[in-house]
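Below you'll find the structure, written out as structure tokens, and then a few comments.
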Amino acid sequence: MDTIVSVNKKSKKESFPVTGMTCAACASSVESILTNTEGVSQASVNFASNSVLVEYDDAIKETDLQNSLRSVGYDLIINVEDPIEAQAEMQREHYQDVKKRTIWSAILTFPIFVIGMFFMDWAPGRWISLGLTIPILFYFGRVFYINAWKQAKYRKANMDTLVALSTGVAFLFSLFNTLFPEFWIARGIQPHVYYEAATVIITFISLGKLMEEKAKSNTSSAIKKLMGLQPKSLIVLIDGVEQETPIASVEKGNIIVVRPGEKIPVDGIVSSGHSYVDESMITGEPIAVAKNKGEKVFAGTVNQKGSFQFEAKKVGSETLLSQIIKMVQEAQGSKAPVQKLVDKIAGIFVPVVMSISILTFIVWMIFGGNDAFTHALLTSVAVLVIACPCALGLATPTAIMVGVGIGAENNILIKDAESLELGHKVNAIVLDKTGTITEGKPTVTNMIWAENTNQDKLSSILMSIEAQSEHPLASAVVKKLKETGTAVVELANFESITGKGVKAVTNDGLKFYVGNHKLIQDKNIALNETLLAQANTWQEEAKTVIFFASGEQIVAVIAIADKIKASSKSAISKLINRGIKVYMLTGDNNQTARAVAKEVGLTDYKGEVLPSDKADFVKNLQDQGQIVAMVGDGINDSHALAQADVSIAMGHGSDIAMDVAKMTLITSDLESIPKALQLSTNTVQGIRQNLFWAFIYNVVGIPIAAGILYPINGFLLDPMIAGAAMAFSSVSVVANSLRLKSSKL
């Protein structure tokens with residue numbers, strides 16, 4: 001019997017900058033080549049950001065991926081310290097190169113255009129135009145022919161193929177007519193030249209590329225802003241001496257010095273000093289957070305007035321800021337479902353257009369009459385020029401990039417494009433209670449004292465007792481009393497009473513008890529009617545009640561609850577107003593669930609729910625045909641998050657919840673949920689508008705270029721006008737996507 005050996009190969013997912021792509025068909029080629037490379041399981045190209053997200057086996061080297069693309073004229077940026085900055089530098093150089101080529105093309109094209117339009121019968125004008133056309137086509141426009149040739153070698157075609165064919169045919173025809181005009185004159189035909197068509201096409205398409213590159217650089221502004229949050233250098237303490245070090249050289253365990261006003265370079269834990277840190281880029285909260293010894297600090301946050309030292313715990317790609325940047329990059333590079341269809345169309349678009357162009361030429365040659373050849377040539381060239389897969393290829397990724405960027409700027413991290421596209425369809429939202437609707441930490445909400453008590457002295461004793469208690473609620477009491485400046489006193493004895501509370505004795509022999517109602521009953525401590533009534537009221541509001549007794553007398557009653565976030569009620573109201581059914585699930589008891597649901601305006605809630613029950617609840621809604629979003633923050637929510645159509649994690653929650661979720665709210669503010677759904681609506685509208693105009697442009701433009709209007713009104717589209725229209729189509733799609741930046745969330 002044969003033995004089957006199973007080998008589990010580890011795979012990794014990396015995003016690489018790509019160079020050499022000029023259109024959507026190029027993006028399709030890059031994706032196809034990488035996908036068919038051995039060891040690559042998936043490749044997803046984002047033409048708008050000139051990047052590719054590749055999932056491949058650990059055994060595969062990055063150079064193998066690079067070599068696969070180099071053979072066809074593309075390249076990957078690898079083995080550089082900062083690939084994003086390297087790509088940005090290359091894009092800047094490319095932009096300047098395109099700018100230079102466009103300007104010179106325009107300068108040389110202008111006299112050709114004037115001669116071709118107004119002095120077409122001037123014999124020397126043809127030779128002047130020829131002399132000026134050669135550098136425009138074969139120097140400033142050489143990139144179109146070089147790329148077309150590289151594609152042709154591998155039996156592929158892209159936008160450069162269309163440009164090279166159309167301008168090349170127009171130039172060769174014009175060259176023949178310039179050198180051998182008698183060939184046509186002998187046959188009774190006037191030999192026209194079309195240098196202006198070829199050069200104007202190159203100029204207009206170069207201008208379109210220039211505007212496209214400029215606009216595309218704006219779509220990734222969110223990444224640039226996030227990257228700008230991290231300083232380039234930092235101060236490291238080495239043997240007691242401060243030394244400035246590049247951020248790339250910092251290691252875990254280094255002690256880093258942070259001065260007032262400086263950005264924190266890496267993640268770590270404060271080792272000495274005290275300050276307040278502005279963490280709004282992570283939490284969205286405007287109030288600076290106090291940082292003492294043992295507190296965590298994060299890269300990209302800004303130190304305020306104090307100075308401190310901290311030990312580096314996470315550096316490089318491990319920092320929270322780097323993870324956020326990576327998440328945004330992967331989301332901008334991911335594909336919406338609609339984009340997969342567009343990619344297929346773009347992949348076959350160029351061959352189809354070439355076929356239409358040939359068919360146009362044949363039809364005109366058969367039915368064109370006396371000027372058959374001239375019309376056949378012009379219309380087939382116009383078809384090649386006006387057909388542009390670029391607008392089609394840019395329609396979805398530019399909108400997705402802008403949408404993900406806007407999300408990042410509004411504390412909404414989107415992991416993939418699918419959730420961004422699906423968000424606007426959500427009609428049911430399931431909210432976890434603790435940490436989602438509520439703050440997720442116990443807080444003292446009420447505290448009343450019995451009459452005729454020394455509150456200052458008793459507060460100090462209460463704080464001293466709770467400071468020694470290990471009960472989770474004790475810290476809430478300590479925090480509350482600290483806010484009032486209460487001092488601590490020394491206790492002679494401290495005793496924990498399991499399941500009930502604690503007992504303490506002061507140095508002067510006084511006994512005190514802190515605990516629940518059962519402890520008070522067991523110790524036969526009298527509870528006056530006023531305090532008892534107040535305690536019952538708080539319990540009905542789902543608050544936990546703690547009693548503080550001195551000897552045989554109750555001196556204070558304290559209510560503790562997981563406070564509802566200030567934004568929860570208004571956020572839920574906005575969701576309901578959008579026509580979304582909102583549900584609350586919690587593992588807490590039904591009384592607490594009911595009280596919280598009532599306060600935030602919910603009628604659909606369920607208490608005492610197990611983690612698996614949450615996932616079943618989501619699945620049940622899906623079985624009813626609902627598009628369900630799940631919002632949670634804990635490990636117990638991860639199953640339900642994975643089950644939901646759109647999963648949203650609260651940023652302060654568990655790592656597992658954030659790993660599973662497709663969206664993460666960096667802030668704890670629930671108002672971000674309706675914002676995220678509105679962002680989805682805006683983005684999808686932008687995609688639809690882009691696709692509509694890209695398709696309509698080609699559906700209308702190609703037949704007009706082919707001469708369909710000629711039998712009706714004698715109209716033929718000039719190839720140079722077709723070039724201008726093609727350039728405008730790409731720019732208009734990118735501009736419409738950028739318009740999303742001004743849309744309201």
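Each step along the sequence shown adds one to the number in the UniProt record's numbering, with nothing skipped, and position 594 is 594.
All C-beta atoms in this analysis are idealised placements derived from N, C-alpha and C, irrespective of residue type, glycine included.
Across the set K581, S29, P703, V143, the C-alpha of S29 shows the shortest separation from the C-alpha of I348.
In the three-state reduction of the DSSP assignment, F16 falls in the strand class, which pools E and B. DSSP places H274 in the strand class (E or B) of the three-state scheme. Positions of the beta strand (DSSP E) runs, each at least 3 residues long and wholly inside the segment 378–414, are given as 412–414 in order along the chain.
Counting only runs of at least 3 residues, the segment 554–605 fully encloses the following beta strand (DSSP E) elements, listed from N- to C-terminal order: 581–585. With a threshold of 16 other beta carbon atoms within 10 Å, P442 meets it and is buried. Along the length of the segment 467–521, whole beta strand (DSSP E) runs at least 3 residues long occupy 491–497, 501–506, 511–515, reported in chain order. Here W122 is exposed, its C-beta having fewer than 16 other C-beta atoms within 10 Å. Collapsing the DSSP output to three states places A450 in coil.
Y195 sits buried, since 16 or more C-beta atoms from the chains shown fall within 10 Å of its C-beta.
In the three-state reduction of the DSSP assignment, A59 falls in the coil class.
If you compare the alpha carbons of E38, E31, D58, N36 with that of V45, the shortest gap goes to E31. By the criterion of a C-beta distance shorter than 6 Å, V628 is surrounded in its chain by A428, V618, L621, Q622, A644, D645, once the five residues flanking it on both sides are discounted. Shown here for A561: same chain residues with a beta carbon closer than 6 Å to its own, the five before and five after excluded, namely T445, K543 in chain order. Between N254 and V270, the CB-CB gap reaches or exceeds 8 Å.
Judged by pairs of C-beta atoms under 8 Å, the segment 122–136 does not touch the segment 47–61, as fewer than three such pairs exist.
Measuring C-alpha to C-alpha distances from Q230 to each of G579, S317, S672 identifies S317 as the nearest. Within the model, the alpha-carbon separation for G601 versus V502 is close to 38 Å.
For the pair S742 and G686, the CB atoms are not nearer than the 8 Å cut-off. DSSP lists no beta-bridge partner residue for P703. Excluding five sequence positions before and after N292, the CB atoms of its chain that fall closer than 7 Å to its own CB belong to V270, H274, given in chain order. Bridge partners of G268 according to DSSP: V297, A312.
One thing to note: K232 has its Cβ no nearer than 8 Å to the Cβ of D267. Straight-line spacing of the CA atoms in N536 and L320 works out to 45 Å. Fewer than three Cβ pairs drawn from the segment 396–409 and the segment 519–527 lie within less than 8 Å of each other, which leaves the two stretches out of contact. Check the Cα spacing between T19 and each of R70, F140, Q42: the tightest is with R70. Contact check for I128 against I107 fails: the beta carbons are separated by 8 Å or more.
Straight across, the Cα-Cα distance linking D588 with T245 is about 50 Å. In this structure, the CA atom of Y154 is about 14 Å from the CA atom of N36. Contact annotation: A450 and L532 have beta-carbon atoms that are not nearer than 8 Å. The shortest C-alpha to C-alpha distance from P711 to any of S550, S174, W104, G369 is the one to G369. Pairwise C-beta distances place the segment 459–473 out of contact with the segment 431–438, as fewer than three of them are shorter than 8 Å. Residue environment: Q626 is assigned as buried (16 or more neighbouring CB atoms within 10 Å of its CB, all protein chains considered).
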